[in-house]
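Okay, so the sequence shown: first residue is 1 according to the UniProt record's numbering, each after it adds one. Beneath this line is the structure, given in structure tokens, with notes to follow.
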Amino acid sequence: MSVQEDGAARPEPDVLRRHDSLYGDAEKVSNNKRHGAGGSWARTLQLAFQSIGVVYGDVGTSPLYVYSSTFPNGIKHPDDLVGVLSLILYTLILIPMVKYVFIVLYANDNGDGGTFALYSLISRHAKIRMIPNDQTEDANVSNYSIEAPSSQLRRAEWVKQKLESSNAAKIALFTITILGTSMVMGDGTLTPAISVLSAVSGIREKAPNLTQSQVVWISVAILFVLFSMQRFGTDKVGYTFAPVISVWFLLIAGIGMYNLTVHEITILRAFNPKYIVDYFRRNGKEAWVSLGGVVLCITGTEAMFADLGHFNIRAIQLSFTCVLFPSVALCYMGQAAYLRKFPENVGDTFYRSIPAPLFWPVFVVAIMGAIIASQAMLSGAFAILSKALSLGCFPRVEVVHTSNKYEGQVYIPEVNFLIGAASVAVTLAFQTTANIGNAYGICVVTVFSITTHLMTVVMLLIWKVRLPFIAAFYAAFGLAEFLYLSSILSKFAEGGYLPFCFSLVLMALMATWHYVHGGYLPFCFSLVLMALMATWHYVHVKRYWYELDRVVPAAETTALLARRDVRRVPGVGLLYSELVQGIPPVFPRLVDKIPSVHAVFVFMSIKHLPVPRVAPAERFIFRRVVGADAGAGHRLFRCVARYGYTDQLEGAKEFAAFLLDRLKVFVHEESVFACSRGDNDDDDAMRRAQAMAEEEKRVIDAEAERGVVYLMGEANVTAAAGSSVMKRIVVNYVYTFLRKNLREGHKALSVPKDQLLKVGITYEI
Numbered sequence: 001m002s003v004q005e006d007g008a009a010r011p012e013p014d015v016l017r018r019h020d021s022l023y024g025d026a027e028k029v030s031n032n033k034r035h036g037a038g039g040s041w042a043r044t045l046q047l048a049f050q051s052i053g054v055v056y057g058d059v060g061t062s063p064l065y066v067y068s069s070t071f072p073n074g075i076k077h078p079d080d081l082v083g084v085l086s087l088i089l090y091t092l093i094l095i096p097m098v099k100y101v102f103i104v105l106y107a108n109d110n111g112d113g114g115t116f117a118l119y120s121l122i123s124r125h126a127k128i129r130m131i132p133n134d135q136t137e138d139a140n141v142s143n144y145s146i147e148a149p150s151s152q153l154r155r156a157e158w159v160k161q162k163l164e165s166s167n168a169a170k171i172a173l174f175t176i177t178i179l180g181t182s183m184v185m186g187d188g189t190l191t192p193a194i195s196v197l198s199a200v201s202g203i204r205e206k207a208p209n210l211t212q213s214q215v216v217w218i219s220v221a222i223l224f225v226l227f228s229m230q231r232f233g234t235d236k237v238g239y240t241f242a243p244v245i246s247v248w249f250l251l252i253a254g255i256g257m258y259n260l261t262v263h264e265i266t267i268l269r270a271f272n273p274k275y276i277v278d279y280f281r282r283n284g285k286e287a288w289v290s291l292g293g294v295v296l297c298i299t300g301t302e303a304m305f306a307d308l309g310h311f312n313i314r315a316i317q318l319s320f321t322c323v324l325f326p327s328v329a330l331c332y333m334g335q336a337a338y339l340r341k342f343p344e345n346v347g348d349t350f351y352r353s354i355p356a357p358l359f360w361p362v363f364v365v366a367i368m369g370a371i372i373a374s375q376a377m378l379s380g381a382f383a384i385l386s387k388a389l390s391l392g393c394f395p396r397v398e399v400v401h402t403s404n405k406y407e408g409q410v411y412i413p414e415v416n417f418l419i420g421a422a423s424v425a426v427t428l429a430f431q432t433t434a435n436i437g438n439a440y441g442i443c444v445v446t447v448f449s450i451t452t453h454l455m456t457v458v459m460l461l462i463w464k465v466r467l468p469f470i471a472a473f474y475a476a477f478g479l480a481e482f483l484y485l486s487s488i489l490s491k492f493a494e495g496g497y498l499p500f501c502f503s504l505v506l507m508a509l510m511a512t513w514h515y516v517h518g519g520y521l522p523f524c525f526s527l528v529l530m531a532l533m534a535t536w537h538y539v540h541v542k543r544y545w546y547e548l549d550r551v552v553p554a555a556e557t558t559a560l561l562a563r564r565d566v567r568r569v570p571g572v573g574l575l576y577s578e579l580v581q582g583i584p585p586v587f588p589r590l591v592d593k594i595p596s597v598h599a600v601f602v603f604m605s606i607k608h609l610p611v612p613r614v615a616p617a618e619r620f621i622f623r624r625v626v627g628a629d630a631g632a633g634h635r636l637f638r639c640v641a642r643y644g645y646t647d648q649l650e651g652a653k654e655f656a657a658f659l660l661d662r663l664k665v666f667v668h669e670e671s672v673f674a675c676s677r678g679d680n681d682d683d684d685a686m687r688r689a690q691a692m693a694e695e696e697k698r699v700i701d702a703e704a705e706r707g708v709v710y711l712m713g714e715a716n717v718t719a720a721a722g723s724s725v726m727k728r729i730v731v732n733y734v735y736t737f738l739r740k741n742l743r744e745g746h747k748a749l750s751v752p753k754d755q756l757l758k759v760g761i762t763y764e765i
């Protein structure tokens, strides 16, 4: 379809009328399937088995350290064990089973889960993203799955209007999303530290001469190997890890049944929740503080949602209810039965409760399970960050796709180095699982709370369920998570500050990028990470608005091409810009510096939609910069290439070939459309239009043979005169440092250097 740059209206048949959103001149942007429901049972059982190895390594190895973290000062009353066991059982039932397995999993984004998947799901139904690159054509993508709010349910439409009209609401949603992401990064730092250290600590049962420092250094060696191996990826991870974790679950379930039978079967009375009440009455504040240890029994729960894209809802539900829950419940009950007779061994409950003949097999499997738990958490962290990168919320870093079979399996070298260094530092600094657990719990419960808040928005806006159910969901889970979080925060000075530091860094990264384009170690690491994310995103948004406000009008584009000193040179030119509306301001600068334009010239934008995947057939939107009536011979086109946040960008050669093929299809369809608007009985006109289209396609092929040149604007972003000191620091120093030291744009797009031309330009925002 041909649309003139000046947006002149033309009568069109209703069937072919469409909204044009590519040009800022034609339209100024205002400032104001259930995944896995199908499939055979055989396939579902296969996926359920694979999910055991990928999803449950973390929560499945929690019995290594829960009781020692809950009773750091020993057991004061025998019935305290019954109360804590009751808390553990009902925590497992309430949050992982009821909340995640039977509610949250259904809020997937075309099969993908996690914090950013919820954010992208909400952003499709309400315009909450701060970069104004929404286009009407996006809703035509097959898996966009948008449904307008029902007229009968005005509440959903009211929520949508409030979200879209409130900058505070947009910022709040974005902030909690990147906070959740940074906490997952903190989880990725702490999971290897606590899992490996707790598993290795068991060796002191057979080698009592080993000191705690020696155990720590053994753990550090294992961590070094673990993070060094990340570059090889986790292809076939399900079938590789599932047998090991399955053996682990069989062992802990069998040992739990043995301890129940041998020591005290009456511990099963913990299923009566009255023992929770008795525990709090007896211990008061100490019982509340102990919740920080109890919550460690559900670490890794978020992985069920984050890793949903590799499986389906039914597979996760089956594996959790039939394998995970019975195994860990039996293990916790068996440990409680053992501690009723040997309360002095609470500091090393897991290994002390193992029958002697099984010690070494369990020890080996525990080490392997700890490594698997760490691997699964790291894979999830890499996948979430790759989504954040696609949505413009994280600085450009190298994302390596390590598997042709599992598209979510990615590796990010820079992030792997930072997380690995932080994990080793945490292990060396804190020495024991009890101290690391204080920080670990904050990461876990903060992510739970963020999911609860985002789920409430999903229920109001998208699911449109009744208010009593929404209120019950928010009250039940919000209150439970608040109690756990308040307990963990009481241990802030004992290691709880770690995840906050980590989040601050990540947040800063993401927010800076957004602006231009429109224990103490984890605490510092998390907060710095969060601050970096916020900084990156903040600058990213400001930069986009700067370009949008300075798009080149159609008349100026025509005048540039008409200049006598501007020549048309052979070949195809692709000028990259993030702007999806209008001609970017770097184009006149390019023509001024190099007064030439390629014979076929395409203004190219790569845009990530808030969906996991975009079908190749729906990848491109084309328009002519100068319409047919104004001179089709100019052969200037506007193109937006759309990707989902899990899609992998093609190599430069493959991308250019695919782009030019689709461009020829567009030229053909344009000629058909032009004929349909005229007199259908005018055979000569139809033949002329078809001949012109064939000639233009031949020219495109000929120019492609002469070579493709990639052009990019190298923007130097600075704070405008009169900006505040904070803004100058964020833009001139923090953002500039990130941009210069992280991956360059042409490398992210795999553009070969010998075909690249950069044009320098300065933006004052």
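Just so it is clear, CB atoms sit at the ideal spot from N, CA and C, and this is done for glycine as well.
Contact between the region 724-744 and the region 533-541 is established, with three or more Cβ pairs separated by less than 8 Å. Secondary structure at Phe666: helix, using DSSP grouped into helix, strand and coil.
The Cβ atoms of Ile88 and Tyr440 lie no closer than 7 Å to each other. Shown here for Phe280: same chain residues with a beta carbon closer than 7 Å to its own, the five before and five after excluded, namely Ala287 in chain order. Around the beta carbon of Asn716, a 10 Å sphere encloses fewer than 16 other beta carbons of the protein chains shown; the residue is thus reported as exposed. Segment contact: the region 537-550 against the region 566-576, fewer than three CB-CB distances shorter than 8 Å; contact not assigned.
DSSP, reduced to helix, strand and coil, places Cys393 outside both helices and strands of the structure shown, so it counts as coil.
The way I'd put it, the region 600-613 does touch the region 633-646; three or more beta-carbon pairs between them come closer than 8 Å. In the DSSP annotation of this structure, the continuous segment of the alpha helix (DSSP H) that includes Asn416 starts and ends at 413-430. Rounded to the nearest angstrom, the gap between the Cα atoms of Phe482 and Ala303 is 21 Å. Residue pairing by DSSP places Phe620 opposite Ala641 in a beta bridge.
By the criterion of at least three beta-carbon pairs nearer than 8 Å, the region 243-257 is in contact with the region 368-382. For Asn73, the three-state secondary structure derived from DSSP is coil. The beta-carbon separation of Leu64 and Leu454, rounded to 31 Å, does not stay under the 8 Å limit for a contact. Cβ neighbours of Leu590 within its own chain (closer than 6 Å, five residues either side excluded): Val759.
Going by beta carbons, Val141 and Glu618 fall inside the 7 Å limit. The alpha-carbon of Met712 is positioned some 15 Å away from that of Ser596.
Collapsing the DSSP output to three states places Pro355 in coil. Residue state for Gly53 is assigned as helix, using DSSP reduced to three classes. Taking each of Leu428, Pro553, Cys443, Gln335 in turn and checking the Cα distance to Val220, the smallest one comes out for Leu428. The C-beta of Phe469 has fewer than 16 other C-beta atoms within 10 Å across all chains shown, which makes the residue exposed. A Cβ-Cβ contact shorter than 7 Å links Asp112 with Gly309. Looking at the backbone, the Cα of Asn741 and that of Glu414 are separated by about 11 Å. In terms of Cα proximity to Ala126, the closest of Met97, Leu105, Ser165, Lys99 is Ser165.
Short of 7 Å from the beta carbon of Ala48, and not among the five residues preceding or following it, lie these beta carbons of its own chain, in chain order: Ala315, Leu318, Ser319. Following the DSSP letters along the chain, one finds Phe601 inside the beta strand (DSSP E) bounded by residues 596-608. In the displayed model, Ile267 falls within a helix according to three-state DSSP. The DSSP assignment places 467-489 as complete runs of the alpha helix (DSSP H) inside the region 446-496, in order along the chain (cut-off: 4 residues).
Nearest in C-alpha terms to Val55, of all of Tyr106, Ile372, Ser40, Leu197, is Ile372. Secondary structure of Ala715 (DSSP, three-state): strand. Between Ile267 and Ala336, the C-beta gap is smaller than 7 Å, which places the two residues in contact.
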